[in-house]
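Okay, structure first, notes after.
Number of protein chains: 2
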Amino acid sequence: MAHTDPNKPQAPGAGKSSPRYELLTLGDELLLGLTPNSHLTWIGGQLGRRGILLQRNVTLTDEADAIAAQFRESWARADVVITTGGLGPTCDDRTREVVAGVLGQELVFDPAIEAQIADRFAKFGRKMTPNNLRQAFKFARGEVLPNPNGTAPGLWAEQDGRVLVMLPGPPNELQPMFTEQVVPRLEKLGLLARGEAYIQLRTAGVGESALETKFQPVFDKYPGLSIAYCAHLGQVDCRLSSPDGRYPSETLQGIAAQCAELLDLDFVCYGHDSLEQVVADELRTQHRRLAVAESCTGGLLSNKFTDLCGASKFFLGGVVSYSNDAKMQLLDCPECMLAQHGAVSAECAVAMAIGVAEQMGADFGLAVTGFAGPTGGNGENPVGTIYLGMHTPGGDWSRKLTYPGPRGAVKERAVTAAIDWLRREILREARKAVTAAIPLRN
Amino acid sequence: MAHTDPNKPQAPGAGKSSPRYELLTLGDELLLGLTPNSHLTWIGGQLGRRGILLQRNVTLTDEADAIAAQFRESWARADVVITTGGLGPTCDDRTREVVAGVLGQELVFDPAIEAQIADRFAKFGRKMTPNNLRQAFKFARGEVLPNPNGTAPGLWAEQDGRVLVMLPGPPNELQPMFTEQVVPRLEKLGLLARGEAYIQLRTAGVGESALETKFQPVFDKYPGLSIAYCAHLGQVDCRLSSPDGRYPSETLQGIAAQCAELLDLDFVCYGHDSLEQVVADELRTQHRRLAVAESCTGGLLSNKFTDLCGASKFFLGGVVSYSNDAKMQLLDCPECMLAQHGAVSAECAVAMAIGVAEQMGADFGLAVTGFAGPTGGNGENPVGTIYLGMHTPGGDWSRKLTYPGPRGAVKERAVTAAIDWLRREILREARKAVTAAIPLRN
Numbered sequence: 053m054a055h056t057d058p059n060k061p062q063a064p065g066a067g068k069s070s071p072r073y074e075l076l077t078l079g080d081e082l083l084l085g086l087t088p089n090s091h092l093t094w095i096g097g098q099l100g101r102r103g104i105l106l107q108r109n110v111t112l113t114d115e116a117d118a119i120a121a122q123f124r125e126s127w128a129r130a131d132v133v134i135t136t137g138g139l140g141p142t143c144d145d146r147t148r149e150v151v152a153g154v155l156g157q158e159l160v161f162d163p164a165i166e167a168q169i170a171d172r173f174a175k176f177g178r179k180m181t182p183n184n185l186r187q188a189f190k191f192a193r194g195e196v197l198p199n200p201n202g203t204a205p206g207l208w209a210e211q212d213g214r215v216l217v218m219l220p221g222p223p224n225e226l227q228p229m230f231t232e233q234v235v236p237r238l239e240k241l242g243l244l245a246r247g248e249a250y251i252q253l254r255t256a257g258v259g260e261s262a263l264e265t266k267f268q269p270v271f272d273k274y275p276g277l278s279i280a281y282c283a284h285l286g287q288v289d290c291r292l293s294s295p296d297g298r299y300p301s302e303t304l305q306g307i308a309a310q311c312a313e314l315l316d317l318d319f320v321c322y323g324h325d326s327l328e329q330v331v332a333d334e335l336r337t338q339h340r341r342l343a344v345a346e347s348c349t350g351g352l353l354s355n356k357f358t359d360l361c362g363a364s365k366f367f368l369g370g371v372v373s374y375s376n377d378a379k380m381q382l383l384d385c386p387e388c389m390l391a392q393h394g395a396v397s398a399e400c401a402v403a404m405a406i407g408v409a410e411q412m413g414a415d416f417g418l419a420v421t422g423f424a425g426p427t428g429g430n431g432e433n434p435v436g437t438i439y440l441g442m443h444t445p446g447g448d449w450s451r452k453l454t455y456p457g458p459r460g461a462v463k464e465r466a467v468t469a470a471i472d473w474l475r476r477e478i479l480r481e482a483r484k485a486v487t488a489a490i491p492l493r494n
Numbered sequence: 053m054a055h056t057d058p059n060k061p062q063a064p065g066a067g068k069s070s071p072r073y074e075l076l077t078l079g080d081e082l083l084l085g086l087t088p089n090s091h092l093t094w095i096g097g098q099l100g101r102r103g104i105l106l107q108r109n110v111t112l113t114d115e116a117d118a119i120a121a122q123f124r125e126s127w128a129r130a131d132v133v134i135t136t137g138g139l140g141p142t143c144d145d146r147t148r149e150v151v152a153g154v155l156g157q158e159l160v161f162d163p164a165i166e167a168q169i170a171d172r173f174a175k176f177g178r179k180m181t182p183n184n185l186r187q188a189f190k191f192a193r194g195e196v197l198p199n200p201n202g203t204a205p206g207l208w209a210e211q212d213g214r215v216l217v218m219l220p221g222p223p224n225e226l227q228p229m230f231t232e233q234v235v236p237r238l239e240k241l242g243l244l245a246r247g248e249a250y251i252q253l254r255t256a257g258v259g260e261s262a263l264e265t266k267f268q269p270v271f272d273k274y275p276g277l278s279i280a281y282c283a284h285l286g287q288v289d290c291r292l293s294s295p296d297g298r299y300p301s302e303t304l305q306g307i308a309a310q311c312a313e314l315l316d317l318d319f320v321c322y323g324h325d326s327l328e329q330v331v332a333d334e335l336r337t338q339h340r341r342l343a344v345a346e347s348c349t350g351g352l353l354s355n356k357f358t359d360l361c362g363a364s365k366f367f368l369g370g371v372v373s374y375s376n377d378a379k380m381q382l383l384d385c386p387e388c389m390l391a392q393h394g395a396v397s398a399e400c401a402v403a404m405a406i407g408v409a410e411q412m413g414a415d416f417g418l419a420v421t422g423f424a425g426p427t428g429g430n431g432e433n434p435v436g437t438i439y440l441g442m443h444t445p446g447g448d449w450s451r452k453l454t455y456p457g458p459r460g461a462v463k464e465r466a467v468t469a470a471i472d473w474l475r476r477e478i479l480r481e482a483r484k485a486v487t488a489a490i491p492l493r494n
């Protein structure tokens, strides 16, 4: 904190119970819809986990006057203002200058940043053009957040009892900078809770109001407990916290455990793991391996698993059998079965699951077939009809589902349903194994 | 326009050259990072195509005071204010009331909306709870935008020479409402251009500055031409327009055609089609069929093609061969080749492409293998190394690429490179076919 003004009347965050955060995301590409605003989603999520509800996100053009006016407004209102983008070398990138103007700060050239940028260009064998030196300026009363993944460093300033954090636009530069440098500084100033601000139970297969009804008798025993439900993508999370500090972390954990027990298999995990991560962990623990076969979801199911680091430890592969020939050739689906029941049928789903597990030597086979739309479908199986097929060491099953909505949504929901079903079956298998291992009395 | 105030001094959009649009997106779920702000991306993109740069997007909490203050500010500044979310039946959904308060408008009960909501509940066999009737209120001086895909209708009001558009939050309700109802109304008021405001050339494989150098001699012949470059995901779009109307649409088309010719295969398409859509159209025209084999991209390549409606017309399927066994069993990759060269090699990529095309009976086989990271890799092939393999009616090839970055980015970039290469090879095949068909002289 060596560079902050020693005369400032109020330390950042002093005496605040819930500090106010605002996020300014800069760049015409966001407003033109060329790039999704992933900064809001990511930074909002990070703050949310630590008990902060981001109060406002403003996305605005690269125009200097607009940036100045909005920054002045946010700075007057918030305890912490975070900006993203506009720190690069081109003439569009004027955020640094505009913000310095509003704060009455001088920008000073930092030879250490210059050296870092030059190093990076040398490392990749590129020539550094002079405009890159625009990135070597920092606030006179502020600090530099080094950027190991790009040329533009982040900037940090404390002034007027407030904190300013300026981050570069590319997510792979912004995210580690935020986690490794910004979060510890905000914690130190008391502007962010250390660790997660709540205990989260992640659930699947139960609606929000049913969940509330189920949990209420438990919560009634703990007055002052704060409970928040967050529904997303067909799952509901329940967040427990103790705003007045009445219940220590262990008590909260105990309450969460009571809830989890009430849910049985509808309980997914504590924390923020995805359904596929939970499945992956369980398969790895049990040394079981998975293969998938997809028709209408067309690779999305495989892709969910292969997005996980270390997927090759449990995931053997998948077949996207978009044609009947592919189902016969690669999954050994019998031609007469396809002729009798069609490719969108319970029979075909099960045959696909068994076929892919056998071809790949997997313990679990998971299959999806259906009509994702907008065309296709018939009287018995209209657009939105999905059949799931499952092969496990304990048997084979199918399941029929119906989802309204556009093609992309049907694919997404079918995949979520398939992964959740697999999660339940893996847990059932594991329980059976435990039960079988208990020796009978007498 | 029957419901607007006949005494208002200024018609919306009158005398405006470029009207100012602001977008307010409401909902704590956006600020907590539970739901990405797809409304900004989508509405921003729609306006951008019609020559409007959205000036500002503010995402804020469901708190009434914050909504009122922000709406007042945006309303004072903009010609068109669009809001999304906060129109539903629960007590969080107070946007309608807050906005009515700022505008000094009365909310009136509309029996027609009630009937529509009741119909919808009846259709799905659900019971309508009384709180749903909150959605049946509209502005006394305003209009209703019917919602065929949900219960909450949109609202439209013209006042103070400005336009207010309030849209429901779910994208599958918002998007058709915007396209079918809002756009025609804004066009009629002169607040939105009819049709696209520019001619767009989509390119691949050329950087922005190289593109500029290539095109400049063409553009020099047309003074006053407006040129904008938009880079995204390794592609660059070039948008041509004539702000002073000097060049009619046909002239712009002619200029674009000159640019396209300069680019040869680096030209992708006019307009906004994705690389995979261009490949799909070309394959369907040529009655050719495709199969893909993936290792490190794990289903993402298949998923890009199966996201297209009608994919089954050209896409036979894919194999995600995450293990060596899968490569041998499903793609006929020889064990000795895998032992000699490894799964991440040019030889393996080509074998996968040939194998999947043969198994599925496809004309084109496209394969990806590599190290997406964060672990894996070796001296010769570090993390980020990708091999593409291609089987075409005219031959088989491989190509080596290297991408830095996190796992998800490597997958995404490898898939884009694979699809772009396929696009070029399909076009080369088609040209060869045309050349072959031209009878030799003499």
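So the protein lines, in turn, are chains X and E. Read in order, the letters of the first sequence correspond to residues 53 to 494 in our numbering. Read in order, the letters of the second sequence correspond to residues 53 to 494 in our numbering. Idealized CB from N, CA, C, for every residue including glycine.
inquiry  = For X/F267, which residues in the same chain have their Cβ closer than 8 Å to its Cβ, ignoring the five residues on either side in sequence?
reply    = I279, C290, C311 and L314
inquiry  = Classify X/C385: buried if its beta carbon has 16 or more other beta carbons within 10 angstroms, exposed otherwise.
reply    = buried
request  = Report all residues from its chain with a CB closer than 6 Å to the CB of E/L238; omit the five preceding and five following residues, and keep chain order.
outcome  = Closer than 6 Å at the Cβ level, and outside the excluded window around E/L238, lie L244.
ask   = Using the beta-carbon count (16 or more within 10 Å), is X/S347 buried or exposed?
value = buried
key: DSSP-derived helix/strand/coil call for X/A54   = Note that X/A54 has pLDDT 32, beneath the 50 cutoff, so the model's placement of it is unreliable and the number below is only indicative. Residue state, collapsed to three classes: coil.
request  = May I have the straight-line CA-CA distance separating X/P64 from X/T203, to the nearest angstrom?
outcome  = Low local confidence applies: a pLDDT of 47 at X/P64 is under 50, so the model's placement there is unreliable, and no value is given.
message = Closer than 8 Å is the cut-off here; do at least three beta carbon pairs connect the region 104-114 of chain E with the region 123-138 of chain X?
response = no
ask   = So is X/E158 buried or exposed if we call it buried at 16+ other beta carbons inside 10 Å?
value = exposed
request  = Going by CA-CA distance only, name the one from X/A485, X/N355, X/Q338 and X/E387 that's closest to X/F366.
outcome  = X/Q338
task = Pick helix, strand or coil for E/G242, following the three-state DSSP scheme.
result = coil
request  = Please name the residues in the region 371-382 of chain X whose beta-carbon is closer than 7 Å to at least one beta-carbon of chain E, in chain order.
outcome  = V371, V372, S373, Y374, S375, D377, A378, Q381 and L382
message = On the DSSP bridge list, what partners appear for X/S293?
response = Answer is X/S278.
query = By the criterion of Cβ-Cβ separation under 8 Å, what are the contact partners of X/G137 in chain E?
reply = Simply none; closest approach about 14 Å.
message = What are the residues in the region 111-142 of chain X lying within 7 Å of chain E by C-beta distance?
response = T111, L112 and T113
query = Going by the CB atoms, is the gap between X/L75 and X/L92 shorter than 8 Å?
reply = yes
query = Does the Cβ-Cβ distance between X/S375 and E/L368 come in under 8 Å?
reply = yes
query = Are the C-beta atoms of E/S364 and some chain X residue less than 8 Å apart?
reply = At least one chain X Cβ lies under 8 Å of E/S364.
task = Classify E/K379 as helix, strand or coil using the three-state DSSP reduction.
result = DSSP places E/K379 in helix when its eight states are reduced to three.
message = Would you say the beta carbon of X/A343 is closer than 7 Å to some non-hydrogen atom of the ligand GTP?
response = You won't find the ligand GTP in this model; it holds no ligand whatsoever.
message = Using 8 Å for Cβ pairs, my map puts X/L474 next to X/V288. What's the rounded Cβ distance?
response = Rounded, the Cβ-Cβ distance is 20 Å, inconsistent with contact.
query = From X/P426 to X/V396, what does the alpha carbon distance come to, in whole angstroms?
reply = 15 Å
task = Anything in the region 433-451 of chain E with a Cβ closer than 8 Å to a Cβ of chain X? List those residues in chain order, please.
result = Identification of residues in the region 433-451 of chain E having a C-beta nearer than 8 Å to some C-beta of chain X yields an empty set.
inquiry  = Can you confirm whether X/F367, when its beta carbon is compared against all beta carbons of chain E, has any partner nearer than 8 Å?
reply    = yes
query = If you check the beta carbons only, do X/V196 and X/D171 fall under 8 Å apart?
reply = no
key: CB of E/L241 within 8 Å of CB of E/V215, strictly   = It is a contact, given that the beta carbons lie within the stated cut-off.
ask   = Of all the options E/C400, E/E432, E/A482 and E/L327, which has the alpha carbon lying nearest to the alpha carbon of E/A469?
value = E/L327
request  = Let me know the secondary structure DSSP gives X/M412 once reduced to three states.
outcome  = helix
query = Can you find a CB in chain X that lies within less than 8 Å of the CB of E/R459?
reply = Yes, E/R459 counts as interfacial toward chain X.
Residue from E/T444, E/V462, E/A461 and E/Y439 whose Cα sits closest to the Cα of E/L453 = E/Y439
query = Alpha carbon to alpha carbon, what distance is there between E/G96 and X/I95?
reply = 21 Å
request  = Tell me whether X/Q287 sits in a helix, a strand or coil according to DSSP, three-state version.
outcome  = strand
message = Let me confirm a value: E/A419 is counted as buried when at least 16 other C-beta atoms fall within 10 Å, else exposed. Which label applies?
response = Label assigned to E/A419: buried.
ask   = What do you get for X/C510, buried or exposed, if any count of 16 or more other CB atoms within 10 angstroms of its CB means buried?
value = No answer is possible for residue 510 of chain X: it lies beyond the span of chain X, which begins at 53 and ends at 494.
task = Could you spell out the range, first to last residue, of the beta strand (DSSP E) harbouring E/M218?
result = Start and end: R214 to L219.
key: Residues of the region 273-297 of chain E whose Cβ lies closer than 7 Å to any Cβ of chain X, in chain order   = C282 and H284
ask   = In whole angstroms, what is the alpha-carbon distance linking E/E248 and E/E225?
value = 23 Å
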